[in-house]
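Numbering (our numbering), first residue to last: 858 to 1952.
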Amino acid sequence: MSVNTPSNSVPSSTSRFQVHVINEGHGSGAAMSDGADPPHYEETSFGDEAQNRLRISFRPGNQECYDNFLQNGDTAKTDTTFHAYDSHTNTYYLQTFGHNTMDAVPKIEYYRNTGSVSGPKVNRPSLLEIHEQLAKNVTVAPGSADRIANGDGMTGDEQAENKEEDTAGVVKFGWVKGVLVRCMLNIWGVMLFIRLSWIVGEAGIGLGVIIIGLSVVVTTLTGISMSAICTNGVVRGGGAYYLISRSLGPEFGGSIGLIFAFANAVAVAMYVVGFAETVVDLLKESDSMMVDPTNDIRIIGSITVVILLGISVAGMEWEAKAQVILLVILLIAIANFFIGTVIPSNNEKRSRGFFNYQASIFAENFGPSFTKGEGFFSVFAIFFPAATGILAGANISGDLEDPQDAIPRGTMLAIFITTVAYIGVAICVAACVVRDATGSINDTIVSGMNCNGSAACGLGYDFSRCQHEPCQYGLMNNFQVMSMVSGFGPLITAGIFSATLSSALASLVSAPKVFQALCKDNIFKGLQFFAKGYGKNNEPLRGYFLTFVIAMAFILIAELNVIAPIISNFFLASYALINFSCFHASYAKSPGWRPAYGIYNMWVSLFGAVLCCAVMFVINWWAAVITYVIELSLYIYVTYKKPDVNWGSSTQALSYVSALDNALELTTVEDHVKNFRPQCIVLTGGPMARPALLDITHAFTKNSGLCICCEVFVGPRKLCVKEMNSGMAKKQAWLIKNKIKAFYAAVAADCFRDGVRSLLQASGLGRMKPNTLVIGYKKNWRKAPLSEIENYVGIIHDAFDFEIGVVIVRISQGFDISPVLQVQDELEKLEQERLALEAAIKDNECEEGKGGLRGLFKKAGKLNITKPAPKKEGNINTIQSMHVGELNQKLVEASAQFKKKQGKGTIDVWWLFDDGGLTLLIPYILTLRKKWKDCKLRIYVGGKINRIEEEKISMASLLSKFRIKFADIHIIGDINIKPNKESWKVFEEMIEPYRLQESHKDLTTAEKLKRESPWKITDAELEAVKEKSYRQVRLNELLQEHSRAANLIVLSLPVARKGSISDLLYMAWLEILTRNLPPVLLVRGNHKNVLTFYS
């Protein structure tokens, strides 16, 4: 039978599907043995979510298996409690597909950004949580699952309350009121009522329609590109700036965003002045001027912009209502014009050139009739600004309910409707009105007069004198043609008012919205003040007042004719970048480029971008140049500042594609000695742990070769992998912050040598593979465990086996500053906890009576204050009283020695063995760096005493062919003589603890000692390599004599033959060779040429 859960069972989330669980053989042997029933499997029902309950079905006789599963509506805690993670309900277990599993089903909450306004961000179980074994007997506090799921320490109920509070009263617009209305109002400007008749008179119907069509091509291509971009993910506030910055990155977005916001602010002044000029013309007709035309424009413009500011500040809802009213007026005015064209004309209108629809007028006006100084492009430049305004809806993207749907639909429909209106008005007015008319009703044709063949002549009027003297009427002369043609003239004036005021209002809203989004991203640090929003709609009140000030300033200047072309070019630059953004995102082939709006093509978008740039020069070449200069300057500034943002731009995607293509192309080219460069693996551990080792390596790899900082995690695999993964991003970020051009790589291994061996084999990509291993000298080798010494020498052998050069760096204080960093971290943690606790206490005091102690603990929890782990009292006191610099001041100073400018000095190169030239190339590269450029190269080579001059000349000749500058060459002829007794005694005392001393014992005892301590140095081995040991000791004497004052010593690294030289003897060689010297680089190339004198 089927048993439902009790009515008081744990409620499931409304987003949770219903689950039925059917027994899978939980210990019911009898039921299985009878063989009567077939096997049963789990069933999942994605049924009605509104039931909000979990139903569990049992097979007969097995209900007791689940009795412990539900107790009083809660899940029972058994001895094998599962990990508490529940992203759906308040229960202690997940019930995905009817099982106790942490695996979560796909949900939109997992893909939101932290702080998303559309809902809470939920963290899915990590791969580690579902991959590792479940912990036993995990104790879970009620509600903890929700807190984990929400990812921010707040329960689901708290978030729901906060979300409701945040969304209450917020005004959001649909595609009609938010986009369609705004775009139509912005595109239908003063041009429609005042200048369109002149344009069609100059260009004719044919070219006039082409001019409108060409303008529409630019705006349509831009609209298509914008639609593709805004449907490729959630669109926030910021309009064109947001679209461009998220697509091309902050450099392009920041530069265009600033000038786009400024252009909108100045556009307010332009539209308001257009409105004021119309009002002043009416005042002139009624002889009601206040002061003079210029000052009247300033007065009316100032009053108008104050009223518009009041509407904007009142809120978006009031502004939207005003826009709808203005659109209604505008539509009535347009309809009034079309009605007027069919109303029979009277004598007065005929004398002014209006004859209703006439085929002869249409034919006469079809071709162009450009006046002196005008042409196709000049007329196009005048008309094109009328087609702009397609971004009016996108600019308030943050106030749209669904920007991804509203922007494409509203913008494209607005372009279509306004285009039809422009073409319709152009054709109608050109089919009704002649180009020139005198306005005199007496200029009619009487019998006996010769007709000049014009359309007006055929209709009974003689306007031939307009060919010799200027006339005031007709398409070419009268800007009030539409008022004359319309059924009721004042409605056209109302339409002009509506067009100017609606455009001004749209620009007054757009500029602050775009500017606020720009300031929020903090690309320009000084503008952060304007990022603050007020009210539920996050209104940019500060931006409104800034826009008001800019608009008022330009209204008072009243010289807008000069700046108008620049503003038009600013808008066109935005259009060009939107088109280029679409092309660039498509060209980068990023898998993340998946626009829902599929009607686009990347090459068409590129054509649109080029077309916009061409139109900029057509409109005004000097304004285009100024626009490019301003944009380039802002681009360089933002690039220099490098804002700390990552928006996944197509620039990043294309950089990856370019890097990948270049890497693949590089693999097709064989290596050449002229292009050799040191490509290093540096065993720094964490890069901040051994900064000096990284600094000296970076000095000869920066801008010339690959540098990979490597770390090997040794220990239990689970812990190592977790620690490694958690620190990868942090350590790479440290390299970037410190301007070190290097990569960070890490491996987890059972032993240090295995990890390094993996790095040597697998690091790099194609031709960009490491060819040099850089390690620090093991200063504590005499106190270290034998296994560490074996690993250390072993990685040198491994590097040689893989034909990789080796560089060992030794400085007097050593490299590892981990103890200093540990103390520093402890002090920082203690300070953070102290500050956080003080902040929590202060907040609690400010809100005393609104939560008491409970509020304090709640705030402390949000601040992530944790009780420090118990430590020994002595350790705590030591850490608290110890300053980082006092721990080991010399170590800290030594770690920064290669960051400083080295000053005048020498780099002594002891090129004792020919390794292909790496020993010489590295110091040469160092002398090219700013910090080392004052250091001269001194070359030391071995030679015969009786041929010192000849060998010096030979080496000088070789170095000159290599084109390597040097200060001096020294031929050392006494390398192979025995060292003095004191030096040899130091070496013998050094190796004494590690000698087997088998020659002083009988054969049996000697063999036993060899078996027990195979790592010790035998007398036979010591005798076999005695000459080499002499050489290392003697070399140290020579180094002390010649190079004690050098800034750096570069010395050929002795090679220990495998199986012949024990690890401890080799370490003794390195110790005695580099003892009591300035910083030393022991270098051994892979014995392949890295230098050549051929061109």
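Heads up, the beta-carbon is just placed ideally off N, CA and C, and yes, glycines get one too.
Count the other CB atoms within 10 Å of the CB of residue i; is the residue buried (16 or more) or exposed (fewer)?
i            : result
residue 1331 : buried
residue 1686 : exposed
residue 1037 : buried
residue 1914 : exposed
residue 1153 : buried
residue 1820 : exposed
residue 1281 : exposed
residue 1273 : exposed
residue 1326 : exposed
residue 1348 : buried
residue 1936 : buried
residue 807  : Limits of the chain in this structure are 858 at one end and 1952 at the other, which puts residue 807 out of reach.
residue 1588 : buried
residue 1265 : buried
residue 1951 : exposed
residue 1277 : exposed
residue 1582 : exposed
residue 1454 : buried
residue 1478 : exposed
residue 1618 : exposed
Using the three-state DSSP reduction, which class does residue i fall into: helix, strand or coil?
i            : result
residue 1207 : helix
residue 1789 : coil
residue 1841 : helix
residue 1259 : coil
residue 1894 : helix
residue 1667 : strand
residue 1023 : Per-residue confidence for residue 1023 stands at a pLDDT of 49, beneath the threshold of 50, marking its modelled position as unreliable; the derived number appears in the next sentence. If DSSP states are grouped into helix, strand and coil, residue 1023 belongs with the helices.
residue 1294 : strand
residue 1941 : strand
residue 1825 : strand
residue 1039 : helix
Between the options, which lies nearest to residue i when the distance is taken from Cα to Cα?
i            : options                   : result
residue 1797 : 1917, 1827 and 1410       : 1827
residue 1229 : 1907, 1626, 1589 and 1059 : 1059
residue 1899 : 1780, 1766, 980 and 1298  : 1766
residue 1405 : 1162, 1593, 1664 and 1906 : 1162
residue 801  : 1603, 1608, 1625 and 1494 : Shown here, the chain extends from 858 to 1952; a query on residue 801 therefore has no answer.
residue 1081 : 1111, 1053, 1462 and 1381 : 1462
residue 979  : 967, 986 and 1475         : 967
residue 1289 : 1262, 1277 and 1342       : 1342
residue 1213 : 1773, 1256, 1628 and 1284 : 1284
residue 1394 : 982, 1030, 1787 and 1762  : 1030
residue 1113 : 1472, 1484, 1245 and 1200 : 1484
residue 1069 : 1236, 1885 and 1092       : 1236
residue 1233 : 1065, 1781, 1521 and 1612 : 1065
residue 1240 : 1793, 1053 and 1761       : 1053
residue 1369 : 1356, 1384, 1358 and 1355 : 1384
Starting from residue i and walking both ways along the beta strand (DSSP E), at which residues does that stretch end?
i            : result
residue 1601 : 1600-1606
residue 1564 : 1564-1571
residue 1766 : 1762-1767
On the DSSP letters alone, give me the boundaries of the alpha helix (DSSP H) that residue i sits inside.
i            : result
residue 1161 : 1150-1171
residue 1537 : Run containing residue 1537: none in the alpha helix (DSSP H); it sits in the beta strand (DSSP E), 1537-1540.
residue 1621 : First-last for residue 1621: undefined, no H or E at that position.
residue 1905 : Segment 1905-1909 is the beta strand (DSSP E) holding residue 1905; no alpha helix (DSSP H) there.
residue 1463 : 1459-1476
Relative to the ligand PLP, is the shortest distance from any of its heavy atoms to the C-beta of residue i smaller than 7 Å?
i            : result
residue 1632 : This structure lacks the ligand PLP, and indeed carries no ligand of any kind.
Original post:
At a cut of 8 Å, does the segment 1669-1681 reach the segment 1746-1765 through at least three beta carbon pairs?
Top reply: yes
Subject >> Validate contact between the segment 1054-1074 and the segment 1435-1443 using beta carbons, cut 8 Å, 3 pairs >> reply: no
Subject >> Three CB pairs or more closer than 8 Å across the segment 1503-1518 and the segment 1134-1150 >> reply: no
Original post:
Touch check for the segment 1314-1330 and the segment 1207-1214: three-plus C-beta pairs under 8 Å?
Top reply: yes
**OP:** Assess, as a yes-or-no matter, whether the segment 1519-1529 is touched by the segment 1549-1567 under the definition of 3 or more beta carbon pairs within less than 8 Å.
**Re:** no
**OP:** Flag this pair as touching only if the segment 1900-1910 and the segment 1878-1888 have three or more C-beta atom pairs under 8 Å; answer yes or no.
**Re:** no
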